[in-house]
DNA sequence: GTTATCTTTTAACCGCTATTAGAAGATTGT
DNA sequence: ACAATCTTCTAATAGCGGTTAAAAGATAAC
């Protein structure tokens, strides 16, 4: 039980910086240790999405962060805890990012327009902002129960947002009748999540993907009279 | 170089039975060895989709097939070759299944109807027919280059089918103008592939998912005048 | 029923990777 | 400069899992 020396921030598991604004430049008034920790966490996210849960080696993570593998143990007690933080942070950030985008919409915004906003936010978070969200969606199915059980709590909260969006659309009559929202919702999410698998900046611009996805979804689920 | 004793069928890599008809009962006039080989291949597909490329242990595969791990080496020279066969067979079967469904459509079938057929076939292959297709879509991103390079050949052939479908739709004016088919196509595939991640028989019937997906896609991509 | 072949098993081997121990390097305050 | 602490490194440890070797069980031919 090596709980004698205390690494900087070693509470339970989840830790995340405030939702990043728009441009890069993370970390200003941080100590070097904090920056190393963040660099390692990011490296873990990248490596995790590239190699998968079982394939991610601590050596790779260290290399990606410019550090020797054992240095990781100064910040996390085990590989599992590191991965757990990656997936938790990934899920939380995605939810916060989408929630923030929706919250910024003026009250009274039609449900389908809010859907567009959510699509935009989800796709951008997945494709550019964060290796974290990417790491999550590529690995949820393969995570060991111990990790999954804690991550799924956050995931459910996120799913709740989407359920809400579809519920609004149903309530306002904007969703095409005959469409089961409980099936339509995960199917739509699939469009977004799978984009992370095939999209590359060389292939097309993010904007184009976002616009096309929005267009397909809107036409795909909107009731006959409900177009902007 | 242990190439002295010759396992039954040990040519290059790919091997696949004829596209299964409709019901189960595979294998009639097969020798016991052949059946064991198939059982192992299937076990590998199942284990691969559950644990991922790096996570699939030969012990797990053996257990799933009711055999000790080293028995696998009687049929394949290495773990890598086994996995390569799984992903190749998975890709090939998916393509053949969809191609067969499309080929069965009467000539002159509108492009959007053919799209419905492809959606139906792809989803069913993914959700019930085969653990193989499932293993493929869950692992393509994490496969080592050696395996991927040979699998991607088959994948491209399959992608060609979908590209063709969208090209037809564009040509006949059935695709909504302003929609980039090169973006719409992978986005639509995402709906289908991601279904494997969330769908479970307890949640809904396959028929319902297929119908909803078809409905969303048709409305999502069809030109204003083109509904059946 | 005996022999040759096919199939599977048990018992090592070996490399790889998470983890630990303990020794350096930094860093900071005085 | 010096000491205390924080951070990272190098060098071992330990167990897991792919692979191999060789023996044991089937199977079929004669």
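Protein chains in written order, with the working numbering: chain X, 1162 to 1389; chain L, 1162 to 1389.
Even for Gly, the Cβ is constructed at its ideal location relative to N, Cα and C.
Just so it is clear, the structure is predicted and the values come from calculations on it, not from any experiment.
query = How big is the Cα-Cα spacing for residue 1241 (chain L) and residue 1336 (chain L)?
reply = Computed Cα separation, rounded: 42 Å.
ask   = Where does residue 1201 (chain X) fall in DSSP's three states?
value = helix
query = Buried or exposed: residue 1277 (chain L), going by 16 or more other Cβ atoms within 10 Å of its Cβ?
reply = buried
inquiry  = Distance check for residue 1286 (chain X) and residue 1322 (chain X), CA to CA, integer angstroms please.
reply    = 16 Å
task = Taking only the alpha-carbon atoms, compute the straight-line gap between residue 1283 (chain X) and residue 1232 (chain L) and give it to the nearest angstrom.
result = 46 Å
ask   = Taking buried to mean at least 16 other C-beta atoms within 10 Å of its own C-beta, is residue 1374 (chain X) buried or exposed?
value = buried
query = How about residue 1246 (chain L) and residue 1202 (chain L): do their beta carbons lie closer than 8 Å?
reply = With contacts defined as CB atoms closer than 8 Å, residue 1246 (chain L) and residue 1202 (chain L) qualify as a contacting pair.
Where residue 1382 (chain X) meets chain L, residues with beta-carbon distance less than 7 Å = 1377
query = So with Cβ pairs under 8 Å, would you call residue 1373 (chain X) a contact of chain L?
reply = It does: the Cβ of residue 1373 (chain X) has a partner Cβ on chain L nearer than 8 Å.
query = From residue 1279 (chain L) to residue 1300 (chain L), what does the alpha carbon distance come to, in whole angstroms?
reply = 22 Å
message = Does residue 1230 (chain X) come out as helix, strand or coil in the three-state DSSP assignment?
response = In the structure shown, residue 1230 (chain X) sits in a helix (DSSP, three-state: H, G or I).
task = Return the CA-CA distance between residue 1205 (chain X) and residue 1267 (chain L), expressed in angstroms with no decimal places.
result = Spanning the two alpha carbons is a distance of roughly 52 Å.
message = Going by beta-carbon coordinates alone, are residue 1342 (chain L) and residue 1359 (chain X) separated by less than 8 Å?
response = No, Cβ-Cβ distance for residue 1342 (chain L) and residue 1359 (chain X) is not below 8 Å.
request  = Please state if the CB of residue 1207 (chain X) and the CB of residue 1312 (chain X) are separated by a distance shorter than 8 Å.
outcome  = no
Assigned exposure category for residue 1191 (chain L) - 16 Cβ within 10 Å defines buried = exposed
task = Would you list the residues sitting across from residue 1212 (chain L) in a DSSP beta bridge?
result = Residue 1212 (chain L) is not bridged to any residue.
ask   = Listing by chain order, which chain X residues have their CB less than 7 Å from the CB of residue 1404 (chain L)?
value = Given that chain L is displayed from residue 1162 to residue 1389, the structure contains no residue 1404 (chain L) and the question cannot be resolved.
inquiry  = Is there a Cβ of chain X sitting closer than 8 Å to that of residue 1350 (chain L), yes or no?
reply    = Yes, residue 1350 (chain L) lies at the interface with chain X (some Cβ there is under 8 Å from its Cβ).
ask   = Leaving out the 5 sequence neighbours to the left and right, which residues in its chain are closer than 6 Å to residue 1200 (chain L) when beta-carbon positions are compared?
value = 1226
request  = Confirm, please, whether the CB-CB distance from residue 1251 (chain X) to residue 1302 (chain X) is below 8 Å.
outcome  = no
CB contact check: residue 1216 (chain X) to chain L, cutoff 8 Å = yes
query = What span of residues does the alpha helix (DSSP H) with residue 1311 (chain X) cover, start to end?
reply = Per DSSP, residue 1311 (chain X) belongs to the alpha helix (DSSP H) from 1306-1332.
ask   = By Cβ distance below 6 Å, which residues in the same chain neighbour residue 1349 (chain X) in space, the five residues on each side in sequence not counted?
value = 1378
ask   = For residue 1387 (chain L), which residues of its own chain have a beta-carbon under 7 Å away from its beta-carbon, when the five flanking residues on both sides are left out?
value = 1273, 1335
task = Answer with yes or no whether the minimum CB distance from residue 1344 (chain L) to chain X is below 8 Å.
result = Cβ-Cβ to chain X under 8 Å: yes for residue 1344 (chain L).
inquiry  = So residue 1347 (chain X) contacts chain L; which residues on that side make the cut at Cβ distance below 7 Å?
reply    = 1359
message = If you follow the alpha helix (DSSP H) that residue 1351 (chain X) is in, where does it begin and where does it stop?
response = 1342-1359
task = Pick out whichever of X:1316, X:1310, X:1244 has its Cα sitting closest to the Cα of residue 1213 (chain X).
result = Each of X:1316, X:1310, X:1244 was checked against the Cα of residue 1213 (chain X), and the nearest Cα belongs to X:1244.
inquiry  = Let's see if you can read the secondary structure: which residues bound the alpha helix (DSSP H) around residue 1369 (chain L)?
reply    = 1367-1382
inquiry  = To the nearest angstrom, how far is the alpha carbon of residue 1317 (chain L) from that of residue 1195 (chain L)?
reply    = 30 Å
query = Out of curiosity, what's the CA-to-CA distance linking residue 1310 (chain X) and residue 1304 (chain X)?
reply = 9 Å
query = In chain order, what residues of the same chain have a beta carbon less than 8 Å from the beta carbon of residue 1314 (chain X), not counting five sequence neighbours either side?
reply = none
ask   = Is the shortest distance between the beta-carbon of residue 1386 (chain X) and the beta-carbons of chain L less than 8 Å?
value = no
ask   = Ordered along the chain, which non-local residues of its own chain (more than five positions away) have a Cβ less than 7 Å from that of residue 1296 (chain X)?
value = 1206, 1209, 1210, 1247, 1248, 1251.
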